[in-house]
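Here the structure comes first, spelled out in structure tokens, and everything after it is commentary.
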Amino acid sequence: MRYLSIKVFFTAIPTLLCVLFAQCGSGGTDIAGGSGTGNPGGSVVVAVIADSESSSLQKINTLAMNTPGPAYKGPKDGSGQKPSLTVEDSDGLGFMVDSAKLHIQSIQFILESGQQCSRLIEGFDGGLRCDSDGVVLDGPFVVDLLTGVSTPALDSVRLPEASYAGIHLRLGPQAGSLAPTTESTLEIYGTFSYENESHFFSMELSIDQPASFRRAGAPVLVSRNDTTHFSVKLDPAQWFDSLSFKDCLDTGALTLDQNGDLFIGRGRGSGACRNIDESIGRNVIGSGRLEAGKR
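Sequential numbering from 60 applies to the sequence shown in our numbering.
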């Protein structure tokens, strides 16, 4: 009988420890990002890209990867030939975009109402913080809009398990931008033809408007069991809506420099073309839509 009592005592010890430390069957900290909080989080991929596959993009001519194109004076990054696209203004003047990069300071994942961010990220190992509307991932990030690739990468983000209604991009320049001497948020480079001659263009834009994108329909659930994709697709067919670069050049409201190149940035343009950089920035952000779901 004494032996039986001792055996029962030692058999009960694991059960007692489970109750005291609440670790039985929960997975504990075995899942990355869990930190023993009971919310191990789910895998998330974020992309911001010029969407050239939508059936509505009648003004877009997407060129195949690695197709040789005209040389351009935009910054080189040593990665070789990039995909390009051609965007037309309201008069049909075409601009071949060889480089388009967006600078993001932070990404806010907007929580569905009724969820408390501070509780979700309590003890969460993911470098996240909270603000008034959701979970924030701080950058900075530089996104190549032609490929959707971000530096640093955004293909392995981990978020707390919750329902998310959308994302907000806080835009802003940072050290190491393509044009470090400017305050640009969006930089677009390429070539265009004017009066039967080819010219280089540079657009270095400061975008001040909010860049918030909400999912159409119900919020998306981030779960530990699968990967959730947040894709902000910017429609290039809208980037130069209601703008006529040809008229601006014909009237002298925009001018080419001594090398025959066109530069568009803060304070450039006059008359009807004054603040054309702000119009482009509004168009680019306003063209965005969010697609979020599982793949």
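Idealized CB from N, CA, C, for every residue including glycine.
Since the structure is predicted, the reported quantities are computational estimates derived from the model, not experimental observations.
Span of the alpha helix (DSSP H) around Glu337 = In the sequence shown, the residue the question calls residue 337 occupies position 278. Where Glu337 is concerned, the enclosing alpha helix (DSSP H) stretches over 335 to 345.
State the CB to CB distance for the pair Val365 and Leu170, rounded to an integer number of angstroms; the pair is presumed to be in contact (CB under 8 angstroms).
-> In this structure the chain extends from 60 to 354, so residue 365 is not present and cannot be described.
Close Cβ partners of Asn255 (< 6 angstroms) along its chain, the five nearest in sequence each way excluded | Residue numbering aside, residue 255 sits at position 196 when the sequence shown is read from its first letter. Excluding residues within five positions, none has a Cβ falling inside 6 angstroms.
Would you decide whether Glu147 is buried or exposed? Buried here means 16 or more other CB atoms lie within 10 Å of its CB.
-> In the sequence shown, the residue the question calls residue 147 occupies position 88. So Glu147 counts as buried.
Short check: CB of His258 to CB of Gln167, under 8 angstroms?
-> Taking the sequence shown and counting its residues from 1, one reaches residue 258 at position 199. Taking the sequence shown and counting its residues from 1, one reaches residue 167 at position 108. No; because the gap between Cβ atoms is not below 8 angstroms, this pair is not in contact.
Does the beta-carbon distance from Gly100 to Glu181 come in below 8 angstroms?
-> Mapped onto the sequence shown, residue 100 falls at position 41. Mapped onto the sequence shown, residue 181 falls at position 122. No, the Cβ-Cβ distance between Gly100 and Glu181 is not below 8 angstroms.
Rank Val104, Thr145, Pro278, Leu245 by C-alpha distance to the C-alpha of Gln174 and give the top, closest one.
-> Along the sequence shown, one-based indexing puts residue 174 at 115. The option with the nearest alpha carbon to Gln174 is Pro278.
For Pro199, the three-state DSSP class (helix, strand or coil) | Along the sequence shown, read from residue 1 onward, the residue named residue 199 stands at position 140. The answer is strand: DSSP assigns Pro199 an E or B state.
Put Gly249 into one of helix, strand or coil per three-state DSSP.
-> Mapped onto the sequence shown, residue 249 falls at position 190. Gly249: strand per DSSP, three-state reduction.
Indicate the three-state DSSP secondary structure (helix, strand or coil) for Phe304 in the structure shown.
-> As a first step, residue 304 must be located in the sequence shown, where it is residue number 245. Of the three classes helix, strand and coil, the one that applies to Phe304 here is helix, per DSSP.
Through-space distance from Leu230 to Lys292, alpha-carbon basis = For the purposes of this step, residue 292 is taken as the residue at position 233 of the sequence shown. For the purposes of this step, residue 230 is taken as the residue at position 171 of the sequence shown. Using only the alpha carbons, I get a separation of about 16 angstroms.
Out of Leu161, Gly340, Phe251, Asp192, state which residue places its alpha-carbon closest to the alpha-carbon of Arg273.
-> For the purposes of this step, residue 273 is taken as the residue at position 214 of the sequence shown. Checked all of Leu161, Gly340, Phe251, Asp192; the closest Cα to Arg273 is Asp192.
Three-state secondary structure assigned by DSSP to Leu179 | The residue you call residue 179 lines up with position 120 of the sequence shown. Helix, per DSSP.
Below 8 angstroms on the Cβ atoms is my guess for Ser149 versus Ser301; work out the distance and round it to an integer in Å.
-> Numbered from its first residue, the sequence shown carries residue 149 at position 90. Numbered from its first residue, the sequence shown carries residue 301 at position 242. Their Cβ separation, rounded to whole angstroms, is 6 angstroms, which keeps Ser149 and Ser301 in contact under 8 angstroms.
Find the nearest neighbour of Thr244 within the set Leu204, Leu313, Gly225, Thr145, judged by alpha-carbon distance.
-> Residue 244 sits at position 185 when you count from the first residue of the sequence shown. Nearest of Leu204, Leu313, Gly225, Thr145 to Thr244, Cα basis: Leu204.
Hey, quick one: how far does the beta strand (DSSP E) through Arg188 stretch, first residue to last?
-> For the purposes of this step, residue 188 is taken as residue 129 along the sequence shown, with counting starting at 1. 187 to 189 is the span of the beta strand (DSSP E), which, as asked, contains Arg188.
Since I believe Gly328 is in contact with Cys307 (beta carbons under 8 angstroms), could you give me their beta-carbon distance rounded to a whole number of angstroms?
-> On the sequence shown, residue 307 is found 248 positions in, with the first residue counted as 1. On the sequence shown, residue 328 is found 269 positions in, with the first residue counted as 1. That pair is a contact at about 7 angstroms.
Determine the DSSP secondary structure at Gly193, reduced to helix, strand or coil.
-> On the sequence shown, residue 193 is found 134 positions in, with the first residue counted as 1. Strand at Gly193.
Use the C-beta contact count for Thr250: other C-beta atoms within 10 angstroms, 16 or more gives buried, fewer gives exposed.
-> As a working mapping, residue 250 is identified with position 191 in the sequence shown. When all chains shown are included, Thr250 counts as buried.
Please state whether DSSP places Gly173 in a helix, a strand or coil.
-> Here residue 173 refers to the residue found at position 114 when the sequence shown is read from its first residue. Note: Gly173 maps to coil in three-state DSSP.
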